[in-house]
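Student: Please see the structure below; I have some questions.
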Amino acid sequence: MCIDRERLDFAEINRAVLAEYSSFLQRWIPDGRFEGAEYVPINPKRYDRNTGSFKINWRTGKWSDFATGDGGKTPLSLYAYLTGLPYAQAGFRLAKELGGKSSFQATGAAKTANTPRPDKREEQKKRDYALKLWNASFSAEKTVVETYLRSRGVTADIPSDIRLLPGHRHRPSGRLYPVMLAAIRRWPSKDLIAVHRTWVLPDGSGKAPLEPEKMMLGPASGGVVQLSAPAQKMVIAEGLETALSVMQETGLSVWAGLSTSGMTGLVLPDFPLGQEIIIAGDNDPAGRKAAIQAAEKWSREGREVRLAFPPLNQDFNDMLKGAFK
């Protein structure tokens, strides 16, 4: 049957998928496990390494990635997220997967008028909350954040875009710990669009015993933590502590992409800034893949790109810590 995508009944599609959601989830993301009412897979959108932060309720349809702040309330919103398709196009494809039943089609103009659209209000709500946290934070100097970074071998001055947020609740566990808070900005704007949170122990001796121990909040697409001002020659690293380690040891301008998907999606400055890029990649399969993809993308932009990797299954902070042993 030919389906008119302008007349799709999205609510009916969601109900149909939800009736057998567990089967759909195992087809869409086959590497997950069921924990009660939740399906817990690795998030394929960000080359996730471990399960735990990406959770989907197969009874209600709600889903969230606590590490990135992404989430939704319906199976169709998850399908659009996984496929990268616009909501309506994802609905059309999912209707075909369901068999093109006529019940998936709306019966009147009122249905068309109620077609869901991407909710920018939710993004703005997260951005506002991220800014609220940033405004409640303090300089990292002489705090538990400084102690934590020193324990990681980082002895240089702490950039102003890294601060302390005391006693912040970890949503998945409900527990309170201090947070190393980093500002995420998208070039060329100086506005904060999101924050990156690392929960640490009260004495700064390490990360807090939480899962996940690091999470982003806000629409971070295209953004980075700008640890130093942009320059003609720059280093792009994945993790925050890796980036700080490279900046300390090289004196170069360094930005942190924060994740493998962040590495490939970040916005670099216009020439002559960023004309020469060194990618300080993590030496594991996901890290190497992201570094190579970023190198190919930036080379097409006319930039001179070089790759640098530490020993196998390490990052540059691991190397720095090893130098102090």
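The sequence shown begins at 1 in the numbering used here and counts up one residue at a time.
Yeah, the Cβ is synthetic: ideal placement off N, Cα and C, and Gly gets one too.
Bear in mind the structure is a predicted one, so any value in this text is a computation, not a measurement.
#1: Ignore the nearest five residues each way along the sequence and tell me which others in K126's own chain have a CB closer than 8 Å to its CB.
#2: If you draw a straight line from the alpha carbon of D9 to that of S22, how long is it in whole angstroms?
#3: Going by beta carbon distance, what residues of the same chain come within less than 6 Å of P159, once the five residues before and after it are set aside?
#4: Which of the three DSSP states, helix, strand or coil, is assigned to L320?
#5: Check D31 in the structure and name its three-state DSSP category.
#6: If you follow the beta strand (DSSP E) that A90 is part of, which residue opens it and which one closes it?
#7: Around the C-beta of S299, are 16 or more other C-beta atoms found within 10 angstroms, so that it is buried, or is it exposed?
#8: Taking all protein chains shown into account, decide if S77 is buried (16 or more other Cβ within 10 angstroms of its Cβ) or exposed.
#9: Name the DSSP bridge partner or partners of K407?
#10: So, at 7 Å on beta carbons, what are the nonlocal neighbours of G274 in its own chain, with the 5 sequence-adjacent residues on each side left out?
#11: L82: which of A140, W28, E122 and W134 sits nearest, CA to CA?
#12: Classify S253 as helix, strand or coil using the three-state DSSP reduction.
#13: In chain order, what residues of the same chain have a beta carbon less than 6 Å from the beta carbon of L320, not counting five sequence neighbours either side?
#14: Let me know if F138 comes out buried or exposed under the rule of 16 or more other beta-carbons within 10 Å of its beta-carbon.
#15: Take every Cβ of the stretch 142 to 157, pair it with every Cβ of the stretch 201 to 209, and state whether three or more of those distances are shorter than 8 Å.
#16: Taking its Cβ as the centre, do 16 or more other Cβ atoms sit within 10 Å of G281, making it buried, or is it exposed?
#17: Looking at the structure shown, is D183 part of a helix, part of a strand, or coil, going by DSSP?
#18: P310: which of K297, E301, E296 and A291 sits nearest, CA to CA?
#19: Hey, how far is the Cα of T242 from the Cα of D315?
#20: Considering only DSSP beta bridges, list what A229 is partnered with.
Tutor: Checking against the coordinates, here is how it stands:
#1: Here residue 126 refers to the residue found at position 126 when the sequence shown is read from its first residue. Only G69, A194, L217, G218 and P219 meet the Cβ criterion.
#2: In the sequence shown, residue 9 corresponds to position 9, counting from 1. In the sequence shown, residue 22 corresponds to position 22, counting from 1. C-alpha separation (whole angstroms): 22 Å.
#3: In the sequence shown, counting from the first residue as 1, residue 159 sits at position 159. Excluding residues up to 5 positions away in sequence, L227 lie with their Cβ nearer than 6 Å to the Cβ of P159 in the same chain.
#4: Taking the first residue of the sequence shown as position 1, residue 320 is located at position 320. Three-state DSSP puts L320 in a helix.
#5: Counting from 1 along the sequence shown, the entry for residue 31 is found at position 31. If DSSP states are grouped into helix, strand and coil, D31 belongs with coil.
#6: For the purposes of this step, residue 90 is taken as the residue at position 90 of the sequence shown. Not the beta strand (DSSP E): A90 falls in the alpha helix (DSSP H), residues Y87 to L98.
#7: Residue mapping note: residue 299 aligns to position 299 of the sequence shown, counting from 1. With fewer than 16 other Cβ atoms within 10 Å, it is exposed.
#8: As a position in the sequence shown, residue 77 is number 77, starting the count at 1. Buried: at least 16 other Cβ atoms inside 10 Å.
#9: The chain is shown from 1 up to 325; residue 407 falls before or after that span and cannot be answered.
#10: Residue 274 sits at position 274 when you count from the first residue of the sequence shown. Once the five neighbours on either side are set aside, the close Cβ partners of G274 are P230, M234, L268 and R303.
#11: Taking the sequence shown and counting its residues from 1, one reaches residue 82 at position 82. Closest by alpha carbon: W28.
#12: One-based indexing of the sequence shown puts residue 253 at position 253. Strand, per DSSP.
#13: Along the sequence shown, read from residue 1 onward, the residue named residue 320 stands at position 320. Answer for L320: G153 and S245, listed in chain order.
#14: If you number the sequence shown from 1, residue 138 lands on position 138. It counts as exposed.
#15: yes
#16: Stepping through the sequence shown from its first residue, residue 281 is reached at position 281. With 16 or more Cβ atoms within 10 Å of its Cβ, G281 is classed as buried.
#17: What you label residue 183 is simply residue 183 of the sequence shown in a count that begins at 1. Reading off the sequence shown, one finds Ala at residue 183, where the question assumed Asp. Reduced to three states, the DSSP call for A183 is strand.
#18: The residue given as residue 310 occupies position 310 in the sequence shown. Nearest of K297, E301, E296 and A291 to P310, Cα basis: A291.
#19: For the purposes of this step, residue 242 is taken as residue 242 along the sequence shown, with counting starting at 1. For the purposes of this step, residue 315 is taken as residue 315 along the sequence shown, with counting starting at 1. Going by the C-alpha atoms only, they are around 6 Å apart.
#20: Here residue 229 refers to the residue found at position 229 of the sequence shown. Residue pairing from DSSP leaves A229 without any beta-bridge partner.
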